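Take a look at the structure set out below.
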Ligand code: PAF
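Below is the structure:
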């Protein structure tokens with residue numbers, strides 16, 4: 101596996117499959133890489149902790165960084181190359197690296213966009229920059245970040261000349277007890293790790309509900325009973341994520357909740 105520093109060698113990797121990450125790779129990331137391995141052409145993974153998607157109050161400084169283990173995991177999962185840009189590679193001084201127009205699904209639903217207003221500007225800026233540098237044929241994003249997946253799809257669909265890229269989703273990898281894998285799970289104390297199971301259990305309860313309102317009530321009730329601070333626990337149309345009393349199918353239940361300093365998200369098809 102090649103390790104790419106700087107922008108000079110990237111042209112050799114254009115036109116392949118791309119898996120963008122912020123490192124701290126876990127089995128969920130390895131699923132993304134393995135899905136890419138099953139596609140034709142070269143497979144490149146990027147590792148870049150993007151400062152623009154963190155608010156000053158968020159966990160940029162403590163975001164887990166595990167480069168040696170990440171390189172081993174990427175190689176084992178089948179990556180051909182790992183791109184390790186510096187901040188000045190992505191945001192060169194004196195060059196305006198702007199965000200593409202944010203699609204409605206990044207601005208309207210009041211989900212991640214409501215709780216973290218800076219987030220999709222940062223994500224779309226870095227993903228567009230990486231797409232411009234790497235010109236991939238396809239790119240793979242995890243379903244765990246469901247709104248992010250819809251935002252990237254919409255960004256690409258809005259500008260097919262700049263982004264002639266197929267976006268492939270990859271299902272969420274879960275621990276045996278159901279907790280969705282996340283790089284931030286390492287920050288959970290043992291007691292919070294146990295309470296974090298309430299997200300998955302709430303989604304299971306939502307799946308048993310007769311309608312969207314009942315599903316939302318069941319999710320909120322279970323999260324509150326487990327003493328999680330809820331950012332949102334909602335049922336939405338899976339693509340637009342628009343708020344409405346009776347969202348049109350296909351439906352997706354989406355949760356964001358906090359345990360101490362750790363913010364967790366999860367989602368499921370209904
Ligand atoms: O999902 C992530 O890890 C990040 O948001 C991404 C897509 C790599 C952009 O920094």
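Residue numbers (the working numbering): 101 to 370.
No residue lacks a Cβ here, since even glycine has one placed at the ideal position from N, Cα and C.
Bear in mind that the values here come from a model prediction, so they are computed numbers and not experimental data.
Can you tell me whether residue i is helix, strand or coil according to DSSP?
i, result
"residue 265", "coil"
"residue 141", "coil"
"residue 104", "strand"
"residue 270", "strand"
"residue 282", "coil"
"residue 347", "coil"
"residue 149", "coil"
"residue 189", "helix"
For a test of your reading of the model: does the CB of residue i fall under 7 Å from any non-hydrogen atom of the ligand PAF? Yes or no.
i, result
"residue 251", "no"
"residue 151", "no"
"residue 272", "no"
"residue 223", "yes"
"residue 122", "yes"
"residue 172", "no"
"residue 248", "yes"
"residue 226", "yes"
"residue 245", "yes"
Throw me the rounded Cβ distance for the residue i and residue j pair, which I believe falls under 8 Å.
i, j, result
"residue 145", "residue 112", "In fact, because the Cβ distance is near 15 Å, the residues do not count as touching under 8 Å."
"residue 198", "residue 225", "7 Å"
"residue 183", "residue 202", "Not a contact, Cβ separation roughly 25 Å."
"residue 212", "residue 247", "5 Å"
"residue 362", "residue 294", "Actually they do not touch by this definition, with Cβ atoms about 13 Å apart."
Just mark residue i as buried or exposed, buried being the case when its beta carbon has 16 or more other beta carbons within 10 Å.
i, result
"residue 289", "exposed"
"residue 229", "buried"
"residue 165", "exposed"
"residue 322", "buried"
"residue 127", "exposed"
"residue 349", "exposed"
"residue 366", "buried"
"residue 123", "buried"
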